[in-house]
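Visitor: Just so you know, the sequence shown maps onto residues 5 to 352 in my numbering. Each residue gets a CB set at the ideal place from its N, CA and C atoms; glycine is no exception. I'd like to ask you about the structure that follows.
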Amino acid sequence: MFDLLRVGIGPSSSHTVGPMRAAHRFVRGLDQDGLLADAAAVDVELFGSLAATCAGHGTDKAVLLGLTGEQPETLDTATADERFRRLTAERRVPLPGAQAVDCTLTLHPDRFLPTHPNALIFTALDRHDTVLDSRTFYSVGGGFLLHETHDASHQVPRPFTNAEQLLDLTGDGPISDLMLANETVRRPEHEVRRRLLHLWKIMRHCVDRGCRTEGILPGGLNVPRRAPALHRRLQQQGGSGDPLHAMDWVALYALAVNEENAAGGRVVTAPTNGAAGVLPAVLHYYHRFVPGADEDGTVRFLLTAAAIGIIVKHNASISGAEVGCQGEVGTAAAMAAAGLTEPRTAGC
């Protein structure tokens with residue numbers, strides 16, 4: 005579940021979060037294999053979609069910062085742009101706990117590796133240009149990397165791969181109980197709850213920043229941020245008898261997250277960056293407009309939403325490069341609908 009709902013940075017889980025994680029994992033692998041100290045250069049190749057939209061999605065920035073040891077969950081987004089400019093100018097990257105190495109980035113926008121459109125190849129060389137290690141990663145959506153290894157000892161007690169199995173397993177009980185039982189195989193229940201509430205905190209901060217931050221979004225199209233003006237207008241309106249008034253707030257929350265994501269801010273992939281505004285918008289609706297909303301309801305909301313996301317990811321795809329943006333947003337809408345229904349039917 006926490007692979008599906010994870011903290012990331014904008015603007016794309018496939019093109020930013022995944023590549024940063026791939027770069028970090030490559031360097032970590034060099035260290036684990038005892039090769040890090042011998043590295044004198046790292047060559048990075050981007051293929052297909054990653055290469056075609058490299059600058060616009062900040063893929064180059066994500067890769068270089070990942071090689072320095074940064075991860076999406078902990079990156080200081082306020083200093084990321086300046087660090088990237090310095091790394092680009094110097095053409096050298098300081099590997100974590102080791103020396104700075106030469107770094108080249110090669111784009112192949114018209115070449116596609118057979119497994120997936122979003123492919124990266126990292127190659128480390130020593131000072132004699134001998135290849136120390138070379139690894140291929142595929143960023144398949146939501147920050148996931150293909151061929152990630154998972155601990156086989158963590159077999160969940162109530163596995164499911166489709167909605168029919170999920171409903172059979174839950175019976176008359178809430179989906180969130182089943183998800184919690186599966187998650188507590190990996191970590192204690194209090195830790196599951198703490199991490200879910202931390203994700204909710206990240207979502208709240210993201211909405212707050214999006215509602216307060218003025219300016220022009222990056223990308224060269226001179227698109228102004230719209231969320232702050234909409235936020236002021238809704239605050240001035242106060243209460244409203246219009247039954248659609250709540251929907252204006254939902255639209256604001258989603259827009260605020262989307263603009264933060266476009267600006268490279270910190271978001272929660274739910275299930276991707278491209279669809280990251282939907283889940284927090286509906287969760288904000290739950291807390292603002294649903295009587296009795298509380299932290300336990302938030303936990304149940306996210307557990308149930310994750311169950312739907314898991315089904316989609318297993319049977320179809322959450323990658324915009326494969327199924328289009330509508331596949332991402334449609335999945336997020338289904339997750340949010342299930343999440344909103346859960347706490348209201350589970351007695352929370």
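By DSSP, does Ala255 sit in helix, in strand, or in coil?
Guide: Looking at Ala255 - three-state DSSP - the assignment turns out to be helix.
Visitor: Report the three-state DSSP secondary structure of Leu117 (helix, strand or coil).
Guide: Reduced to three states, the DSSP call for Leu117 is coil.
Visitor: Check the DSSP bridge columns for Val97 and list the partner residues they point to.
Guide: For Val97, which the question treats as bridged, DSSP gives the partners Val105.
Visitor: Would DSSP call Arg230 helix, strand or coil?
Guide: Coil, per DSSP.
Visitor: By DSSP, does Gly73 sit in helix, in strand, or in coil?
Guide: Reduced to three states, the DSSP call for Gly73 is coil.
Visitor: Exposed or buried, Gly175, counting other C-beta atoms within 10 Å across all chains shown (16 or more means buried)?
Guide: That one is exposed.
Visitor: Determine the DSSP secondary structure at Asp155, reduced to helix, strand or coil.
Guide: Only weak support exists for where Asp155 lies, its pLDDT of 43 falling under 50; the value from the coordinates is given anyway. In the structure shown, Asp155 sits in coil (DSSP, three-state: anything other than H, G, I, E or B).
Visitor: Less than 8 Å between the C-beta atoms of Gly219 and Arg229, yes or no?
Guide: Yes, Cβ-Cβ distance for Gly219 and Arg229 is below 8 Å.
Visitor: To which residues of the same chain is Gly324 closer than 6 Å at the C-beta, ignoring the five residues directly before and after it?
Guide: Same-chain partners within the cutoff: Gly278, Glu332.
Visitor: For Thr140, name the three-state secondary structure that DSSP assigns.
Guide: DSSP places Thr140 in strand when its eight states are reduced to three.
Visitor: Go ahead and label Asn166 buried or exposed: buried means 16 or more other beta carbons lie within 10 angstroms of its beta carbon, across all protein chains shown.
Guide: Counting Cβ neighbours within 10 Å, Asn166 comes out exposed, since fewer than 16 surround it.
Visitor: I need the straight-line Cα distance from Leu117 to Arg270, nearest angstrom please.
Guide: About 30 Å.
Visitor: Going along the chain, which unbroken runs of the alpha helix (DSSP H) with 4 or more residues stay wholly within the segment 283-321?
Guide: Listed in chain order, they are 299-319.
Visitor: For Met251, does the count of other Cβ atoms within 10 angstroms reach 16, so buried, or fall short, so exposed?
Guide: So Met251 counts as exposed.
Visitor: Mark Pro247 as exposed unless 16 or more other C-beta atoms lie within 10 angstroms of its C-beta, in which case mark it buried.
Guide: Pro247 is exposed by the Cβ-count criterion.
Visitor: Measure how close the beta-carbons of Met183 and Ala311 come, nearest whole angstrom, since I'm counting them as under 8 Å.
Guide: Met183 to Ala311, Cβ: 5 Å. Contact.
Visitor: Buried or exposed for Pro23, please, with buried defined as at least 16 other CB atoms from any protein chain shown within 10 angstroms of its CB.
Guide: Its Cβ being crowded by 16 or more others within 10 Å, Pro23 is buried.
Visitor: I need the boundaries of the alpha helix (DSSP H) containing Arg208, first residue and last residue.
Guide: Run containing Arg208: 193-216, per the alpha helix (DSSP H) assignment.
Visitor: Near Asn226, what residues of its chain come up, given a Cβ to Cβ distance below 7 Å and the 5 sequence neighbours on each side ignored?
Guide: Answer for Asn226: Ile220, listed in chain order.
Visitor: Restricting to Cα atoms, I'd like to know which of Ala26, Leu283, Gln159 is closest to Ser426.
Guide: No answer is possible for residue 426: the residues shown for the chain start at 5 and end at 352.
Visitor: Between the C-alpha atoms of His249 and Gln241, what's the straight-line distance to the nearest angstrom?
Guide: The straight-line gap from Cα to Cα measures roughly 10 Å.
Visitor: Are Ala112 and Glu49 closer than 8 Å when you measure CB to CB?
Guide: For the record, residue 112 in the displayed sequence is His; it is not Ala. Contact flag set, yes.
Visitor: Inspect the beta-carbon positions of Leu68 and Phe88 and report whether they are closer than 8 Å.
Guide: Result yes, Cβ atoms of Leu68 and Phe88 sit closer than 8 Å.
Visitor: Report all residues from its chain with a CB closer than 6 Å to the CB of Cys210; omit the five preceding and five following residues, and keep chain order.
Guide: Hits under 6 Å: Val261, Glu264, Val271.
Visitor: Out of curiosity, what's the CA-to-CA distance linking Met5 and His132?
Guide: Answer to the nearest angstrom: the Cα atoms are 44 Å apart.
Visitor: Thinking just about the alpha-carbon of each residue, which of Asn122, Gly147, Gly146 is nearest to the one in Thr140?
Guide: Of Asn122, Gly147, Gly146, the residue nearest in Cα terms is Asn122.
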